[in-house]
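S.K.: Residue numbers (the numbering used here), protein chains in the order written: chain P, 3 to 117; chain B, 135 to 246.
Pasting a structure below so you can have a look.
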């Protein structure tokens, strides 16, 4: 069964700290993995997309890595700020299946950055 | 600005009533999706469409219906057959197969 897991469900850190969010998936045969940010009551904002042939992607203070063999991705946030407080979700598109039925979402990690 | 517009932001449904959620995109994307989000759960796929006049059921299609008459529009109807409709509904679209998925701002549906 294909699953995407994000642990912990919630994380609190003091402002300025570097932090890592985790995403694990059950099948190493993937097309890509995408990280999203969701603010309360809002839609999902795409942060980074990593194709299966890539090891990492960077955007500003964000760096996402991908290790297919271990079924893991991490989202690294440098020098965290209160404005980074949100829920972060990862979504994995597995190689098996067609259409949209091969895209699986984790339940997210709710991040709180304390001023 | 290019993007996906969902309306309304909040919607209330009376028992036995059908309601329709709007989703419009001006990104020229072929594929569009509807997801349901419940607290503490991941997003679940309701319906998706990869091309105009064609759509497929997702994991939880029962009690929902869609149409795709125009490339820009993918409305979702929550029918009276959906017994637990209270949730946050998200519309998304995508261009090429392995490109990013873009989301609208969501519609919160509640039952009166």
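Beta carbons: idealized from backbone N, C-alpha and C, even for Gly.
1. Using a Cβ cut-off of 9 Å (strictly closer), state whether residue 93 (chain P) contacts chain B.
2. Pull up the distance between the alpha-carbon of residue 110 (chain P) and that of residue 150 (chain B), whole angstroms please.
3. Please specify which runs of the alpha helix (DSSP H), each continuous and at least 4 residues long, are wholly inside the segment 64-112 of chain P, giving them in chain order.
4. List, in chain order, every chain B residue whose beta-carbon is nearer than 9 Å to that of residue 36 (chain P).
5. I'd like to know whether the C-beta atoms of residue 35 (chain P) and residue 82 (chain P) end up nearer to each other than 9 Å.
6. Pick helix, strand or coil for residue 9 (chain P), following the three-state DSSP scheme.
7. Quick one: is residue 224 (chain B) near chain D, going by C-beta distance under 9 Å?
8. Determine the direct distance from the alpha carbon of residue 147 (chain B) to that of residue 51 (chain P), and round the result to whole angstroms.
9. Buried or exposed for residue 167 (chain B), going by 16 or more other Cβ atoms inside 10 Å?
10. Tell me which residue opens and which closes the beta strand (DSSP E) that residue 208 (chain B) is part of.
M.R.: Concretely, from the data shown:
1. Closer than 9 Å: yes.
2. Each residue's Cα considered, the two are about 33 Å apart.
3. List check, alpha helix (DSSP H) in window: nothing returned.
4. At a beta-carbon threshold of 9 Å, the residues of chain B lying near residue 36 (chain P) are 234, 235, ordered along the chain.
5. Between residue 35 (chain P) and residue 82 (chain P), the C-beta gap is not smaller than 9 Å, which leaves the two residues out of contact.
6. Three-state result, residue 9 (chain P): coil.
7. Protein chains in the displayed structure are P and B, and chain D is not among them.
8. The straight-line gap from Cα to Cα measures roughly 36 Å.
9. The residue is buried, with at least 16 neighbouring Cβ atoms inside 10 Å.
10. Taken as a continuous stretch (DSSP letters only), residue 208 (chain B) belongs to no beta strand (DSSP E), as it is neither H nor E.
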